[in-house]
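Some notes on the structure that comes next.
Residue numbers (our numbering): 55 to 220.
Below you can see the structure in the form of C-alpha coordinates.
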(Lines of atoms letter the chains of each structure in order from A and count residues from 1; the text may use other names and numbers.)
(Lines give C-alpha, C1' and ligand atoms only; values in the text may rest on other atoms or scores of the structure.)
Protein backbone atom coordinates (compact mmCIF):
# COMPACT_ATOMS: atom_id res chain seq x y z
CA UNK A 1 0.00 0.00 0.00
CA UNK A 2 1.34 3.40 -0.99
CA UNK A 3 1.34 6.45 1.29
CA UNK A 4 -1.47 8.19 -0.62
CA UNK A 5 -3.74 5.16 -0.37
CA UNK A 6 -2.87 4.74 3.31
CA UNK A 7 -3.79 8.37 4.01
CA UNK A 8 -7.01 8.00 2.02
CA UNK A 9 -8.15 4.94 3.98
CA UNK A 10 -6.94 5.59 7.55
CA UNK A 11 -6.49 9.32 8.16
CA UNK A 12 -10.22 10.18 7.80
CA UNK A 13 -10.91 7.81 10.73
CA UNK A 14 -8.55 9.59 13.14
CA UNK A 15 -11.37 11.31 15.06
CA UNK A 16 -13.14 8.02 15.62
CA UNK A 17 -9.93 6.35 16.76
CA UNK A 18 -9.22 9.26 19.10
CA UNK A 19 -12.71 9.24 20.62
CA UNK A 20 -12.48 5.50 21.31
CA UNK A 21 -9.05 5.92 22.89
CA UNK A 22 -10.20 8.91 24.94
CA UNK A 23 -13.23 7.04 26.26
CA UNK A 24 -11.04 4.17 27.35
CA UNK A 25 -8.02 6.07 28.70
CA UNK A 26 -9.72 9.23 30.01
CA UNK A 27 -6.75 11.34 29.00
CA UNK A 28 -6.27 13.43 25.89
CA UNK A 29 -2.51 12.89 25.84
CA UNK A 30 -2.81 9.14 26.29
CA UNK A 31 -5.50 8.98 23.61
CA UNK A 32 -3.33 10.92 21.16
CA UNK A 33 -0.41 8.61 21.95
CA UNK A 34 -2.60 5.56 21.33
CA UNK A 35 -3.70 6.91 17.94
CA UNK A 36 -0.11 7.69 17.02
CA UNK A 37 0.93 4.17 18.05
CA UNK A 38 -1.92 2.81 15.93
CA UNK A 39 -0.71 4.66 12.84
CA UNK A 40 2.84 3.45 13.42
CA UNK A 41 1.66 -0.16 13.67
CA UNK A 42 -0.58 0.20 10.62
CA UNK A 43 2.23 1.76 8.61
CA UNK A 44 4.54 -1.07 9.64
CA UNK A 45 2.11 -3.61 8.26
CA UNK A 46 1.07 -1.59 5.18
CA UNK A 47 2.02 -4.44 2.82
CA UNK A 48 -0.73 -6.60 4.34
CA UNK A 49 -3.39 -3.86 4.41
CA UNK A 50 -4.43 -4.35 0.77
CA UNK A 51 -6.20 -7.56 1.79
CA UNK A 52 -8.21 -5.93 4.61
CA UNK A 53 -11.93 -5.67 3.84
CA UNK A 54 -12.66 -2.86 6.33
CA UNK A 55 -9.69 -0.66 7.19
CA UNK A 56 -11.74 1.38 9.67
CA UNK A 57 -12.81 -1.72 11.60
CA UNK A 58 -9.21 -2.92 11.72
CA UNK A 59 -8.11 0.45 13.10
CA UNK A 60 -10.89 0.45 15.71
CA UNK A 61 -9.93 -3.04 16.89
CA UNK A 62 -6.25 -2.18 16.99
CA UNK A 63 -6.70 1.11 18.88
CA UNK A 64 -8.97 -0.65 21.38
CA UNK A 65 -6.32 -3.32 21.96
CA UNK A 66 -3.59 -0.68 22.32
CA UNK A 67 -5.70 1.09 24.96
CA UNK A 68 -6.27 -2.15 26.85
CA UNK A 69 -2.51 -2.74 26.81
CA UNK A 70 -1.88 0.78 28.17
CA UNK A 71 -4.45 0.28 30.95
CA UNK A 72 -2.94 -3.05 31.94
CA UNK A 73 0.52 -1.53 31.99
CA UNK A 74 -0.66 1.27 34.29
CA UNK A 75 -2.33 -1.20 36.66
CA UNK A 76 0.90 -3.16 37.06
CA UNK A 77 2.84 -0.14 38.27
CA UNK A 78 3.39 -0.56 42.02
CA UNK A 79 2.31 2.19 44.35
CA UNK A 80 4.14 2.87 47.54
CA UNK A 81 1.36 3.38 50.11
CA UNK A 82 3.75 4.24 52.94
CA UNK A 83 5.20 7.19 51.03
CA UNK A 84 1.73 8.40 50.08
CA UNK A 85 0.52 8.28 53.69
CA UNK A 86 3.64 10.11 54.90
CA UNK A 87 3.07 12.81 52.29
CA UNK A 88 -0.57 13.20 53.38
CA UNK A 89 0.42 13.44 57.03
CA UNK A 90 2.92 16.18 56.09
CA UNK A 91 0.13 18.04 54.34
CA UNK A 92 -1.96 17.77 57.50
CA UNK A 93 0.95 19.12 59.55
CA UNK A 94 1.42 22.18 57.32
CA UNK A 95 0.30 25.45 58.80
CA UNK A 96 -1.93 27.79 56.87
CA UNK A 97 -3.72 25.10 54.89
CA UNK A 98 -7.45 25.57 55.31
CA UNK A 99 -9.60 22.57 56.15
CA UNK A 100 -11.55 22.24 52.89
CA UNK A 101 -8.38 22.61 50.82
CA UNK A 102 -6.73 19.91 52.92
CA UNK A 103 -9.66 17.53 52.53
CA UNK A 104 -9.68 18.06 48.78
CA UNK A 105 -5.95 17.30 48.56
CA UNK A 106 -6.36 14.12 50.59
CA UNK A 107 -9.30 12.94 48.49
CA UNK A 108 -7.38 13.59 45.27
CA UNK A 109 -4.37 11.69 46.62
CA UNK A 110 -6.55 8.70 47.54
CA UNK A 111 -8.20 8.72 44.12
CA UNK A 112 -4.80 8.70 42.42
CA UNK A 113 -3.89 5.51 44.31
CA UNK A 114 -6.88 3.63 42.88
CA UNK A 115 -6.28 1.05 40.14
CA UNK A 116 -6.95 2.47 36.66
CA UNK A 117 -10.20 0.55 36.16
CA UNK A 118 -11.66 1.77 39.44
CA UNK A 119 -10.38 5.29 38.86
CA UNK A 120 -12.10 5.27 35.49
CA UNK A 121 -15.44 4.19 37.00
CA UNK A 122 -15.08 6.83 39.73
CA UNK A 123 -14.31 9.49 37.13
CA UNK A 124 -17.27 8.55 34.94
CA UNK A 125 -19.66 8.61 37.89
CA UNK A 126 -18.53 11.70 39.78
CA UNK A 127 -16.87 13.90 37.15
CA UNK A 128 -18.96 13.14 34.09
CA UNK A 129 -22.17 12.35 36.02
CA UNK A 130 -22.74 9.14 34.06
CA UNK A 131 -25.45 6.80 35.26
CA UNK A 132 -24.63 3.27 36.38
CA UNK A 133 -26.16 2.00 33.13
CA UNK A 134 -23.97 4.32 31.03
CA UNK A 135 -20.87 3.28 32.96
CA UNK A 136 -21.70 -0.39 32.43
CA UNK A 137 -22.08 0.21 28.68
CA UNK A 138 -18.77 2.09 28.47
CA UNK A 139 -16.77 -0.37 30.57
CA UNK A 140 -18.48 -3.59 29.51
CA UNK A 141 -19.19 -4.50 33.14
CA UNK A 142 -22.64 -5.41 34.45
CA UNK A 143 -24.67 -2.74 36.25
CA UNK A 144 -24.49 -4.77 39.46
CA UNK A 145 -20.70 -4.96 39.20
CA UNK A 146 -20.46 -1.20 38.63
CA UNK A 147 -22.64 -0.51 41.70
CA UNK A 148 -20.53 -2.84 43.84
CA UNK A 149 -17.30 -1.18 42.67
CA UNK A 150 -18.69 2.31 43.35
CA UNK A 151 -19.84 1.28 46.82
CA UNK A 152 -16.45 -0.24 47.64
CA UNK A 153 -14.66 2.83 46.35
CA UNK A 154 -16.73 5.13 48.56
CA UNK A 155 -16.19 2.91 51.61
CA UNK A 156 -12.44 2.67 50.97
CA UNK A 157 -12.18 6.45 50.54
CA UNK A 158 -14.05 7.02 53.81
CA UNK A 159 -11.87 4.51 55.66
CA UNK A 160 -8.61 5.97 54.34
CA UNK A 161 -9.65 9.54 55.12
CA UNK A 162 -10.62 8.57 58.67
CA UNK A 163 -7.23 6.83 59.11
CA UNK A 164 -5.38 9.88 57.84
CA UNK A 165 -7.30 12.25 60.11
CA UNK A 166 -6.37 10.19 63.20
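Just so you know, even glycine gets a beta-carbon here, dropped at the ideal spot from N, CA and C.
On a predicted model such as this, the values are computed, not experimentally measured, just so you know.
Short of 6 Å from the beta carbon of residue 72, and not among the five residues preceding or following it, lie these beta carbons of its own chain, in chain order: 85, 89. Per DSSP, the continuous alpha helix (DSSP H) segment holding residue 73 begins and ends at 68–79. The stretch 163–174 makes contact with the stretch 204–216: 3 or more CB pairs, one atom from each, lie closer than 8 Å.
Around the CB of residue 200, 16 or more other CB atoms lie within 10 Å, so the residue is classed as buried. Within 10 angstroms of the beta-carbon of residue 109 lie 16 or more other beta-carbons, which makes it buried. DSSP, reduced to helix, strand and coil, places residue 114 within a helical segment of the structure shown. Boundaries for residue 105: no alpha helix (DSSP H) harbours it, and the DSSP string shows neither H nor E there. DSSP places residue 175 in the uninterrupted alpha helix (DSSP H) bounded by 170–180. When the Cα atoms are used, residue 209 and residue 180 turn out to be separated by approximately 15 Å.
Separation of residue 170 and residue 116 (C-alpha to C-alpha, rounded to the nearest whole angstrom) is 20 Å. When DSSP states are grouped into helix, strand and coil, residue 187 belongs to the helix group.
For the 8 Å CB-CB criterion, residue 80 and residue 177 form a contact. The continuous alpha helix (DSSP H) containing residue 98 extends over residues 82–98. Where residue 56 is concerned, there is no enclosing alpha helix (DSSP H), because DSSP gives it neither an H nor an E. Less than 8 Å divides the Cβ of residue 207 from the Cβ of residue 172. The C-beta distance from residue 113 to residue 64 rounds to 6 Å, short enough to meet the 8 Å contact threshold.
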